[in-house]
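In terms of numbering that gives the first Met the number 0, the sequence shown opens at residue 0 and continues consecutively.
Just below is one structure, and these are the notes that go with it.
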Amino acid sequence: MQYFEAKWLASAAHQDQWPEHDLPEIVFVGRSNAGKSSLINALVNRNRLAYTGKTPGKTRLLNFFVVNNQFVFTDAPGYGYAVGSRHSLIEFGILMEPYFAKRENLKAVVLVLDARRKPSEEDISMVEYAKTNHLAILAVCTKKDKLSYGQLKNQQFAIAKELKLNANSFLAVDSLKKQGMDEVWDKINETLSLK
Ligand code: GDP
């Protein structure tokens with residue numbers, strides 16, 4: 000399936016800047032460098048859509064994109080950049096907590112994880128936020144091309160265990176070669192019952 004129509008809708012630092020619309024929203028979260036931008040771009044078949052979040056001044060915002068007039072993707076800031084920086088963690092919480100708790104359009108969370116790494120504290124918090132707010136969680140392990148099939152399965156199992164998620168809710172992708180995108184779309188559609 001190919002989704003060509005993807006356009007920037009808004010960037011928000013505060014609740015009063017969240018855009019108004021009637022579409023289901025899916026938020027993408029993940030540690031910096033996990034491959035979140037590459038995944039979003041591969042899903043919508045665009046090269047630089049999700050780089051808005053990396054331009055100076057927009058790194059700490061929620062960036063909203065309309066996809067095919069059917070969904071809104073919300074790109075959250077990548078976390079874990081300044082390791083141990085209490086201030087940046089608090090800032091991140093101030094941005095994310097109200098969004099998870101109060102955003103009525105929000106239906107699902109895509110947690111983007113580097114297939115080679117252990118989940119971080121923030122990854123664990125994201126799962127907790129999602130569970131607390133009864134949101135569907137889809138975990139996507141990126142960079143599957145960096146691991147053998149056996150290594151990938153072991154990693155997915157270990158990550159699922161650490162995050163206390165069902166290993167079946169994990170998908171693996173190679174965003175650079177755009178492998179695994181149909182499966183992610185199928186899962187998104189299934190989750191939102193749009194099929
Ligand atoms: P973000 O900080 O989470 O948005 O991460 P990026 O999407 O910018 O990706 C970080 C780095 O990982 C970049 O150099 C990407 O080219 C690379 N990358 C992302 N996804 C993949 C993947 O599936 N396979 C490989 N080999 N590299 C990837």
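Even for Gly, the Cβ is constructed at its ideal location relative to N, Cα and C.
Asked                                                                                                         : Found
Helix, strand or coil at E24 [DSSP, three-state]                                                              : strand
Check whether A100 and K145 have beta carbons under 9 Å apart                                                 : no
L175 Cβ short of 8 Å to the ligand GDP heavy atom set                                                         : yes
Touching by the beta-carbon criterion (3+ pairs, under 8 Å), the region 176-185 and the region 146-164        : no
R30 beta carbon near the ligand GDP (any heavy atom closer than 8 Å)                                          : yes
Contained beta strand (DSSP E) runs [length at least 3] in the region 48-133, N- to C-terminal order          : 61-66, 70-74, 105-113
Backbone CA spacing between A171 and K143 [nearest angstrom]                                                  : 6 Å
S119 beta carbon near the ligand GDP (any heavy atom closer than 8 Å)                                         : no
Residue of A166, E127, T141, L105 minimising C-alpha distance to L191                                         : L105
CA-to-CA distance, L88 to E189, given in whole angstroms                                                      : 33 Å
Alpha helix (DSSP H) runs wholly inside the region 142-192, at least 4 long, in chain order                   : 148-162, 180-190
Cutoff 6 Å; reference A49; Cβ partners in own chain excluding five residues on either side                    : S36, I39, N40, D74
Under the three-state DSSP convention, the category A224 falls into                                           : In the structure as shown, the chain begins at 0 and stops at 194. Residue 224 is therefore absent and cannot be evaluated.
Other residues of its chain near N165: CB distance less than 6 Å, five sequence neighbours each side excluded : none
Buried versus exposed, by CB contacts within 10 Å (16 or more), N153                                          : exposed
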